[in-house]
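Take the sequence shown: its letter number 32 is residue 323 in our numbering, and every next letter is one higher.
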Amino acid sequence: MAKRKRHKKHEDHVDESWLIPYADLLTLLLALFIVLFASSSMDVQKFQAIASAFNNELEGGSGVLDFPSPVSDPSMTETEEQEENLKAADKEELKEMQKKMTDYIKENNLEDKVETALNGEGLLLRIRDNVLFSSGDAEIQPDQLASARDISKLLVMDTPRSIIISGHTDNMPIKTAQFDSNWELSAMRAVNFMKEILKNNQLDPRLFSAKGYGEYQPIASNDTAEGRAQNRRVEILILPQGETEQSISSSAE
Numbered sequence: 292m293a294k295r296k297r298h299k300k301h302e303d304h305v306d307e308s309w310l311i312p313y314a315d316l317l318t319l320l321l322a323l324f325i326v327l328f329a330s331s332s333m334d335v336q337k338f339q340a341i342a343s344a345f346n347n348e349l350e351g352g353s354g355v356l357d358f359p360s361p362v363s364d365p366s367m368t369e370t371e372e373q374e375e376n377l378k379a380a381d382k383e384e385l386k387e388m389q390k391k392m393t394d395y396i397k398e399n400n401l402e403d404k405v406e407t408a409l410n411g412e413g414l415l416l417r418i419r420d421n422v423l424f425s426s427g428d429a430e431i432q433p434d435q436l437a438s439a440r441d442i443s444k445l446l447v448m449d450t451p452r453s454i455i456i457s458g459h460t461d462n463m464p465i466k467t468a469q470f471d472s473n474w475e476l477s478a479m480r481a482v483n484f485m486k487e488i489l490k491n492n493q494l495d496p497r498l499f500s501a502k503g504y505g506e507y508q509p510i511a512s513n514d515t516a517e518g519r520a521q522n523r524r525v526e527i528l529i530l531p532q533g534e535t536e537q538s539i540s541s542s543a544e
């Protein structure tokens, strides 16, 4: 009788279900290294973008990476908030100062000669040169000394601020026995106006500086008489509080 051949048992099918958690583990490890890299570079925006991408892929928008930032610093956040509050309060104070200046301008019918503006640098008071000076002259006209004193009162503030007084001209050449160029004329007008302002003993001279820009910072076209009249001016720039602190610190050194 022929021997019956033994059939080898078929080997059981290998269970590969372990590959799924293994792949997830590798993905999470990759995410961990990316998180560590983002943390070391202190780039919060990059970290949040990476976190969002992985959350969408792994958990449908939420998961282990779903938190604001691994490098958030509560003390820094509080400091930033304080700085923002100070800036807001500073801006309100500048607005109040602008209102006082505007009221003075209206009371003295100077709307066509003096104007104010809030800009990125601070509060600006702009004065046409013919209000204070005769043509080609850097001495304040005697009948305008009272106006300079009144303006100085507006610059007395509870919060000290750095103030820059600058002189500007049109582009018409000047060459006199006293001034060789518009630069010298504009600078001397700024200095003389500043000296008159600082006769007010309530003002701190350390916070003041004078500049002469000549014809090189026009606010209108020099091609017309009207434009040239606008360019001939003296400006008072009241700086934000932060820049004032830096100025005082530098002068102390």
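C-beta: ideal position from N, C-alpha, C; glycine also.
Check: Run of the alpha helix (DSSP H) containing leucine 436, from where it starts to where it stops; Outcome: 436-445
Check: Length of the line joining the Cα atoms of glycine 505 and isoleucine 488; Outcome: 21 Å
Check: CA nearest to the CA of valine 482, picked from Ile325, Ser426, Asn400 and Glu430; Outcome: Glu430
Check: Euclidean distance between Cα positions of methionine 463 and valine 405; Outcome: 22 Å
Check: Selection from Leu498, Ser453, Glu526 and Leu476 that minimises the alpha carbon distance to alanine 439; Outcome: Glu526
Check: Which of helix, strand or coil DSSP assigns to lysine 386; Outcome: helix
Check: Whole-angstrom distance between glutamine 532 and isoleucine 442, CA atom to CA atom; Outcome: 20 Å
Check: The stretch 508-525 contacting the stretch 468-475, beta-carbon criterion three pairs below 8 Å; Outcome: no
Check: Coil, strand or helix - alanine 520 by DSSP; Outcome: helix
Check: Test item: CB-CB of arginine 524 and aspartate 420 under 7 Å; Outcome: yes
Check: Outcome for arginine 452 when other beta-carbon atoms lying within 10 angstroms are tallied against a minimum of 16; Outcome: buried
Check: Cβ-based neighbour list, glycine 413, same chain, cut-off 6 Å, excluding 5 preceding and 5 following; Outcome: Leu528, Ile529, Leu530 and Pro531
Check: Cutoff 6 Å; reference aspartate 381; Cβ partners in own chain excluding five residues on either side; Outcome: Pro531 and Gln532
Check: Buried/exposed call for alanine 314, threshold 16 Cβ in 10 Å; Outcome: exposed
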